[in-house]
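Novice: Each residue of the sequence shown is one higher than the one before, counting from 1 in the UniProt record's numbering. Ideal Cβ placement from N, Cα and C applies to all residues, glycine included.
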Amino acid sequence: MNRFGERLEESGCPEQLSDAALGHLLWKPSPFQQSGAQVQCTIDLPEACILDGVITVRSSSGLPENLQTCSETGRNRHQLKHSATLGQWLDAELDKQTVGFVLNLPESGDNVWHNLHWIVPATARLYGKAKTSLGVRAPRDVLLILLFDAYEFREDDQQANLTEETAELHQALQKQHFEQWVVRHAPLLQLLTSSPPVLLHTLRRRCFQLLLWGHSEMRADRELRHNTALGPDDVKTFQTALTQLHGQEMDAMAAKFWNGATSSRFPKPRGAVSVLIIQRAFAHGRAFLAWPNLTKAVLSPLAQEGHIAWRTLDDLEQRPLLQQAAFFRSADVLVGAVGAALGWMLLMLPGSQVLEW
C-alpha cells in the first residue's frame, strides 16, 4: 500500500492501513524485492547513452527493464530504455575516455549525516576493490551526473498550474540553489570528479563506453544488512581518499584550531588529549544548559594541569565542510547531543572516544 491506503500489490497486503500494519512494515525491506532478494543498487552499463535525461541501451544488451536507486531514504525505480536503433549511430558518438557516473542523492541540503550516506559509498564505488573501481582514473576521467530522487510528499501537479513567468522564476531559483550547493560541497565532490557535476535531466545526448549507475546501500536499519551493502572496508576507502586529497589542508586547519590563541586561552600542550564539544543551537532543544558552569567545574581544571585541550563548537553549521572534517578528524574525545554533526565521528582515528547525550 501507499500512504493513502491504495493497494500497490494484491498479495500479502493488510485490509486496512492500520497502526498494526504499519508496525509490521517498519524496517522491512522494500516490497519490490521478490522473495526477499536484495535489489541491485549498482550496475555497470557498457555502451550506454543518456537521451533527454533517460538512460538508454541497446535492445540486445540483456540488461533489466528498470534501474533502481538505493539511498538512506529508501529505494526508487527509474526507467531504462531499450532501443533497437541505438547501435546505428552509437559508435560515432561514444565517449571512450570519460566514465559517466550517475549518483543518486536523497536531498540537496547541508546536513552532514545525510550527505555522508552518499559520499562514502560513492567514493568506495570509484576507489574500492570492486572490479569497476577506476583507481587512478578517478576523479580525472569521471563525469559526475547527479540524480536527486528523494520522495516528493506532494500529490498535486503544482507545475501544471504555474504561469510561464512563474515557471521560469522557479527554474532560475532551482539552478541558483544547485550552483550554491555545488560550491558548498566542492571538497566532497572533488573526490569523485575534477570537473563540474551536471544534472541527469539536463543531458540531451551523451554516450559513454562505460556508465556507472548508483551506489551501495548505506542504511541505519539492521534488517537491511547484506553482502552488497556498505561495509568497514568502504569506510576506510573514503577516509583514505579524503586524506590523500585534502590531508595537508585539514592538518593545517586542525593545528590552527587546537593551537591558535583565538580558540582558547589554553593552547594545546604536547601529549594532551583533544576534547571537542558540540554545542547545538538552543532552538533545536538539544543544547547543554549552564555550559560555562560545566566547563569551569570540569574542563578548565584539566586544561590548566595540561591533561587536555578542549574546544567548543557552537557554529558548526556555518563552517566550511572541510574545516568541520578537520576538527573531528583531529579530536581524541567527542562530546555532544544526538544530531547530524556526530556523523563526522566516521573520520575519528582508532582509539578515539565519543560521549553522545
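Let me confirm a value: Lys268 is counted as buried when at least 16 other C-beta atoms fall within 10 Å, else exposed. Which label applies?
Specialist: Buried, since its Cβ has 16 or more Cβ neighbours within 10 Å.
Novice: Can you give me the start and stop residues for the beta strand (DSSP E) that Ser300 sits inside?
Specialist: No beta strand (DSSP E) holds Ser300; the alpha helix (DSSP H) holding it covers 300 to 304.
Novice: Taking 6 Å as the limit between beta carbons, can you name the residues of its chain near Ile119, skipping five residues before and five after?
Specialist: Hits under 6 Å: Leu188.
Novice: For a test of the three-state rule: what should DSSP assign to Gln88, helix, strand or coil?
Specialist: Three-state DSSP puts Gln88 in a helix.
Novice: Between the Cα of Trp310 and those of Thr295, Leu147, Thr123, spot the shortest distance and give me the residue it belongs to.
Specialist: Considering only alpha carbons, the answer is Thr295.
Novice: From Glu65 to Val112, what does the alpha carbon distance come to, in whole angstroms?
Specialist: Straight-line Cα distance between these residues: approximately 34 Å.
Novice: Run through the DSSP bridge pairs and tell me what Glu356 is partnered with.
Specialist: DSSP, once it has assigned bridges, lists Gly336 as partnering Glu356.
Novice: Out of Leu245, Ile277, Thr243, Val182, which has the shortest C-alpha to C-alpha gap to Trp258?
Specialist: Measuring from the Cα of Trp258, the nearest candidate turns out to be Ile277.
Novice: For the putative contact between residue 368 and Val99, defined by C-beta atoms under 8 Å, what is the C-beta separation to the nearest angstrom?
Specialist: In the structure displayed, the chain extends from 1 to 357; residue 368 sits before or after that span and is not available.
Novice: To the nearest angstrom, how far is the alpha carbon of Ser263 from that of Gln176?
Specialist: For Ser263, the predicted model reports a pLDDT of 42, less than 50, meaning its position is unreliable; a value from the coordinates is still stated below. Taking the straight line joining both Cα atoms gives about 35 Å.
Novice: Is it buried or exposed for Gly214, if we count other Cβ within 10 angstroms and need 16 for buried?
Specialist: So Gly214 ends up on the buried side.
Novice: Going by CA-CA distance only, name the one from Ala341, Asp234, Met348 that's closest to Gln318.
Specialist: For the residues Ala341, Asp234, Met348, the minimum Cα distance to Gln318 belongs to Ala341.
Novice: How big is the Cα-Cα spacing for Gly23 and Cys41?
Specialist: Approximately 26 Å, taken between the alpha carbons.
Novice: For Arg204, count the other beta carbons within 10 Å of its own beta carbon; 16 or more makes it buried, fewer makes it exposed. Which is it?
Specialist: So Arg204 counts as exposed.
Novice: Who pairs with Asn227 in a beta bridge, going by DSSP?
Specialist: Paired residues: none, contrary to the question.
Novice: Determine which residues share a DSSP beta bridge with Lys81 and list them.
Specialist: Lys81 is bridged to Thr56.
Novice: If we count Cβ pairs, one from each stretch, closer than 8 Å, do we get three or more for the segment 79 to 97 versus the segment 49 to 60?
Specialist: In short, these stretches touch, since the Cβ pair count reaches three.
Novice: Within its chain, find whatever has a CB closer than 8 Å to the CB of Leu90; leave out the 5 residues flanking it on each side and keep chain order.
Specialist: Counting only Cβ-Cβ distances below 8 Å, and skipping sequence neighbours, we find Glu47, Cys49, Arg58, Cys207.
Novice: So which of Met253, Glu168, Lys96, Val235 has the shortest CA-CA distance to His117?
Specialist: The shortest Cα separation from His117 among Met253, Glu168, Lys96, Val235 belongs to Val235.
Novice: Would you list the residues sitting across from Asp44 in a DSSP beta bridge?
Specialist: Note: Asp44 sits in a beta bridge opposite Leu212.
Novice: So, using beta-carbon positions, are Leu322 and His246 closer together than 8 Å?
Specialist: Cβ atoms of Leu322 and His246: closer than 8 Å.
Novice: Is His177 a contact residue of the ligand ADP, with contact defined as CB to any heavy atom under 7 Å?
Specialist: Among the ligands in the structure shown, none appear at all, so the ligand ADP cannot be discussed.
Novice: In angstroms with no decimal places, state the Cα-to-Cα distance between Ala229 and Leu199.
Specialist: C-alpha separation (whole angstroms): 25 Å.
Novice: What are the boundary residues of the beta strand (DSSP E) that Trp310 is part of?
Specialist: It spans 308 to 313 - the beta strand (DSSP E) in which Trp310 sits, taken as one unbroken run.
Novice: Could you tell me the boundaries of the alpha helix (DSSP H) in which Gly100 lies?
Specialist: From DSSP, Gly100 is part of no alpha helix (DSSP H) but of the beta strand (DSSP E) over 99 to 105.
Novice: Can you look up Gly74 in the DSSP assignment and give me helix, strand or coil?
Specialist: Gly74: strand per DSSP, three-state reduction.
Novice: Quick one: measure Cβ to Cβ for Leu144 and Phe101, integer angstroms, because I've assumed they're closer than 8 Å.
Specialist: With 8 Å as the limit, Leu144 and Phe101 qualify as a contact, their Cβ atoms being about 6 Å apart.
Novice: To which residues of the same chain is Gln97 closer than 7 Å at the C-beta, ignoring the five residues directly before and after it?
Specialist: Asp141.
Novice: Could you check where the alpha helix (DSSP H) with Leu143 kicks off and where it finishes?
Specialist: Counting along the chain, Leu143 falls outside any alpha helix (DSSP H), though it belongs to the beta strand (DSSP E) covering 142 to 148.
Novice: Across which residues does DSSP place Ser274 in a beta bridge pair?
Specialist: Ala309, per the DSSP bridge assignment.
Novice: Which residues share a DSSP beta bridge with Arg205?
Specialist: For Arg205, which the question treats as bridged, DSSP gives the partners Leu51.
Novice: How far does the alpha helix (DSSP H) with Asp234 in it extend, from its first residue to its last?
Specialist: Its alpha helix (DSSP H) spans residues 232 to 259.
Novice: Please list, in chain order, all residues of the same chain as Ala331 whose beta carbon is under 8 Å from its beta carbon, the five residues on each side excluded.
Specialist: The residues are Ser274, Val275, Leu276, Met348, Ser352.
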